[in-house]
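Report on the structure given below.
Residue numbers (the working numbering), protein chains in the order written: chain D, 1 to 198; chain H, 199 to 441.
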């Protein structure tokens, strides 16, 4: 649930969040608990979709909330809390992806062509995507995307955020978001062509 | 093709729709892309259960508790302490040492070498000349001043040289500047006594030496500084003295 914590906000949930943040800033660690409990699910979903690794995603969520606590004073309340939180999560994920790249490792090492071949060709993509193997293929394909394209694709197409929000989270222009989105979608479409028949 | 309606501007979307209505290939491909994206979006739901909120909150709070004492031990530093630490940074130390060396070196050169760049002479002369005649001197370019120095040096044979040439620069002994100015000023007075060829070979210097001198004023100056004039005359080589 996105919040914009401006002083003019009258939404009770926003007011409540503002109070929680004020208490956290004053050093009340107990007040931070409900914040973690409420938002860790959102953070985990983004982290997992980017990293495709449950263990790493948990680590990222944990580190993200520690950073949120440490940097609460710097949080600009004109920005949605979730946007700020996602930006921290995605930056940590980005670091993980880069360190993976340095190590030459991926969560899923490579796309296995035989796996693509094993997925039955379907006329109906709706039915096709219920196929469990295909889910694995998609995961592998997104793993092949460059980090920035992957971030954009995950936030926009999997997380369902607007282009504007994605641009705010990643700190890039909306044009850059769209460009990366086009590249990522084109790549996926090209890779899935053998499966999704015309 | 790969962007959706809400990702394109209204005009761009209309244009694409127009194209799609006339191009069967693009229409089919766009439909497939849409279907693929819709289906892929549904994959987004396939994520493992997030961590238990309470467990995660406990872990995070525990980590923060663990960090707290370490951070608390770092007390706030005063501005003085921050400044001293800044001074201790290697690059800052090198920069400060360089500046101090330059300043000290400049003073050392200024007060020990005893030589001043010809520009200093020019400036001194201009100041002196302005204060005396309210008119800027005409030898204020470096080459003019250099000529003047060269010419005048002929009249101080036997005395300690008050100038030297260093590379392209003409240096002049700082302590001699005032004497030099006086000498030059007085030479204006003795100009009429200089040999005729001097006028031809040094027209510019001649012009300077004879500039704006009132005869009565010159007489008064001659009387007043006769002894110096005699001394100056003695400095002129015999073959170049006026008859």
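Using N, Cα and C, we set each Cβ at its ideal position, and we do this for glycine too.
| Item | Value |
| --- | --- |
| With C-beta atoms as the reference, is residue 180/D less than 7 Å away from residue 152/D? | yes |
| Taking the C-alpha atoms as reference points, what is the distance between residue 259/H and residue 32/D? | 8 Å |
| Please classify residue 257/H as buried or exposed, where buried requires at least 16 other C-beta atoms within 10 Å of its C-beta. | buried |
| Pick out whichever of 18/D, 176/D, 166/D, 185/D has its Cα sitting closest to the Cα of residue 91/D. | 166/D |
| In chain order, what residues of the same chain lie with their CB nearer than 8 Å to the CB of residue 173/D, ignoring the 5 residues before and after it? | 167 |
| Restricting to Cα atoms, I'd like to know which of 70/D, 40/D, 64/D is closest to residue 25/D. | 70/D |
| Considering just the uninterrupted stretch of the alpha helix (DSSP H) at residue 40/D, what are its terminal residues? | 32-51 |
| Sorted by chain position, which residues of the same chain lie with C-beta nearer than 7 Å to residue 149/D's C-beta, five sequence neighbours on each side aside? | 180, 183, 184 |
| Residue range of the alpha helix (DSSP H) that residue 175/D falls in? | 174-192 |
| Looking only at its chain, what residues have a beta carbon closer than 7 Å to the beta carbon of residue 186/D, apart from the 5 residues adjacent to it on each side? | none |
| Distance check for residue 86/D and residue 221/H, CA to CA, integer angstroms please. | 40 Å |
| So, are the CB atoms of residue 158/D and residue 58/D less than 7 Å apart? | no |
| Name the chain H residues whose beta carbon is nearer than 9 Å to that of residue 37/D? | 251, 252, 254, 255 |
| At a Cβ threshold of 7 Å, is residue 290/H touching chain D? | no |
| Any beta carbon of chain H sitting closer than 7 Å to that of residue 29/D? | yes |
| Spatial neighbours of residue 43/D within its chain, please: C-beta separation below 7 Å, excluding the five flanking residues on both sides. | 61, 64, 85, 89 |
| Would you say residue 97/D and residue 147/D are within 7 Å of each other, going by their C-beta atoms? | yes |
| Going by DSSP, what residue range makes up the alpha helix (DSSP H) through residue 199/H? | Counting along the chain, residue 199/H falls outside any alpha helix (DSSP H), and DSSP gives it neither H nor E. |
| Please name the residue in 154/D, 169/D, 176/D, 175/D whose C-alpha comes closest to that of residue 80/D. | 169/D |
| Measuring alpha carbon to alpha carbon, tell me which residue in 190/D, 54/D, 175/D is nearest residue 144/D. | 190/D |
| Is residue 82/D buried or exposed, if buried means 16 or more other CB atoms sit within 10 Å of its CB? | buried |
| Show which residues of chain H have a CB atom less than 8 Å away from the CB atom of residue 164/D. | By Cβ distance, chain H contributes nothing, its closest Cβ being about 10 Å from residue 164/D, past 8 Å. |
| Where do the ends of the alpha helix (DSSP H) carrying residue 150/D lie? | 147-153 |
| State yes or no: is the beta carbon of residue 40/D nearer than 7 Å to at least one beta carbon in chain H? | yes |
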